[in-house]
Amino acid sequence: MKKAVLYVCHGSRLKEARDEAVDFITSCKAHVDAEIQEISFLELAEPSIQEGFAACVEKGATHIAVVPLLLLTAVHAKKDIPEEIDTCMGEYPEIAVSYGRPIGVHEKLIESVILHLNSVVDHVVLIGRGSSDPAVKRDLGAIAEKVRQRSGMKTVQTCFLTACEPSFSGILEEMSATKEPVLFIPYLLFTGLLMKDIQAKIKKSGNPHLQLGKYLGYNHLVREAFVERTHEALSSPLYRRGEQFAAADA
4 MKKAVLYVCH
14 GSRLKEARDE
24 AVDFITSCKA
34 HVDAEIQEIS
44 FLELAEPSIQ
54 EGFAACVEKG
64 ATHIAVVPLL
74 LLTAVHAKKD
84 IPEEIDTCMG
94 EYPEIAVSYG
104 RPIGVHEKLI
114 ESVILHLNSV
124 VDHVVLIGRG
134 SSDPAVKRDL
144 GAIAEKVRQR
154 SGMKTVQTCF
164 LTACEPSFSG
174 ILEEMSATKE
184 PVLFIPYLLF
194 TGLLMKDIQA
204 KIKKSGNPHL
214 QLGKYLGYNH
224 LVREAFVERT
234 HEALSSPLYR
244 RGEQFAAADA
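Counting from 4, one number per residue, gives the positions in the sequence shown under this note's numbering.
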């Protein structure tokens, strides 16, 4: 059986964000034992998942492990990507497919957040993308609590850019008059329009005590966690068309 890995990045309208994703995946490839490794995007960029899948088949793959480059498990992981996989399997029914899981609540990601902290603040806010899926709020909350316990910060809160409460805008309003330093850390893998919006809103608040840290990004800890998820996918049970996605915490 000739195995391949099809990496699925989120996608962005910004070239800088797309390039960051490709560079990160390229840095992971040397740590993954698969002869065929292709990159694809879920949306807003090419190649698409279907194009990436076809490229794996053209290179002789008989088993394709589809691995999503996502921080948390939500609609993209549970619905959007599986629908694309189902379409690919309909076109190539002879190909065995396994499906990886997002990085999720992982020790390496907790360490990565702690690396972003600084010694002049006691209060931290993690900014998540947000989702209608309650698992996103639960998982980011679990990460925040683990960061608080290990870092010694007085508080580590969460907020979300969309579809979840508390909202980023609401937290900013609550903290508009605070005199204590607060560090906001965007829990995002890449720069993009969301990051630009966060920067603009914190600047507009006019409160010098509200600091914006670097987004999580693609560091060595994120790479180690993602490579682990890729290895899992290569040895996972085969995916069946229409199968319900199930995620387990690390």
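Where a beta carbon is used, it is the ideal one built from N, C-alpha and C, also for glycine.
Residue i - DSSP class collapsed to helix/strand/coil
| i | result |
| --- | --- |
| Ile39 | strand |
| Thr158 | strand |
| Phe229 | helix |
| Val60 | helix |
| Ile106 | coil |
| Lys217 | coil |
| Pro85 | helix |
| Lys206 | helix |
| Ala99 | strand |
| Gly131 | strand |
| Leu186 | strand |
| His212 | coil |
| Phe44 | strand |
| His234 | helix |
| His119 | coil |
| His34 | coil |
| Ala251 | Residue placement at Ala251 is poorly supported in this model, since its pLDDT is 43, which falls under 50; the coordinates still yield a value, given next. Of the three classes helix, strand and coil, the one that applies to Ala251 here is coil, per DSSP. |
| Glu177 | helix |
| Arg244 | coil |
For residue i: DSSP bridge partner residues
| i | result |
| --- | --- |
| Gln53 | Its beta-bridge partners do not exist; DSSP assigns none. |
| Pro71 | Val11 |
| Lys6 | His66 |
| Ser170 | Phe163 |
| His126 | Thr158 and Val185 |
Residue environment, residue i, which counts as buried when at least 16 other CB atoms sit within 10 Å
| i | result |
| --- | --- |
| Lys199 | exposed |
| Ser78 | Note on identity: in this sequence residue 78 is Val, with Ser being the wrong assignment. Label assigned to Val78: exposed. |
| Arg104 | buried |
| Arg21 | buried |
| Ala180 | exposed |
| Ala24 | buried |
| Gly93 | exposed |
| Glu38 | exposed |
| Leu241 | exposed |
| Lys6 | buried |
| Gly55 | buried |
| Ser134 | buried |
| Gly131 | buried |
| Ala33 | exposed |
| Lys207 | exposed |
| Thr65 | exposed |
Pairwise C-alpha distance: residue j and residue i
| i | j | result |
| --- | --- | --- |
| Tyr218 | Leu197 | 11 Å |
| Lys62 | Phe171 | 45 Å |
| Ile42 | Gln202 | 29 Å |
| Thr233 | Pro137 | 25 Å |
| Asp252 | Pro85 | Low local confidence applies: a pLDDT of 44 at Asp252 is under 50, so the model's placement there is unreliable, and no value is given. |
| Thr29 | Phe229 | 12 Å |
| Cys167 | Gly173 | 11 Å |
| Phe205 | Ser101 | It is worth fixing the name first, because residue 205 is Ile in this sequence and not Phe. Roughly 42 Å separates the two Cα atoms. |
| Lys82 | Ser122 | 41 Å |
| Glu97 | Ser239 | 18 Å |
| Leu164 | Met4 | 43 Å |
| Leu120 | Lys182 | 19 Å |
| His109 | Tyr221 | 15 Å |
| Glu87 | Leu191 | 23 Å |
| Arg16 | Arg244 | 30 Å |
Contact belief for residue i with residue j at Cβ below 8 Å, rounded distance in angstroms
| i | j | result |
| --- | --- | --- |
| Ile188 | Leu129 | 5 Å |
| Ser259 | Leu224 | Only positions 4 to 253 of the chain appear in this structure, which leaves residue 259 out of reach. |
| Val185 | Gln214 | 7 Å |
| Ile106 | Ser154 | Actually they do not touch by this definition, with Cβ atoms about 20 Å apart. |
| Glu19 | Thr194 | 6 Å |
| His237 | Val8 | Looking at the sequence provided, one finds Leu at residue 237 rather than His. Between Val8 and Leu237 the Cβ distance is about 7 Å, and since that is below 8 Å, they are a contact. |
| Pro71 | Val11 | 5 Å |
| Ile113 | Val69 | With 8 Å as the limit, Ile113 and Val69 do not qualify as a contact, their Cβ atoms being about 26 Å apart. |
| Ala80 | Leu73 | 6 Å |
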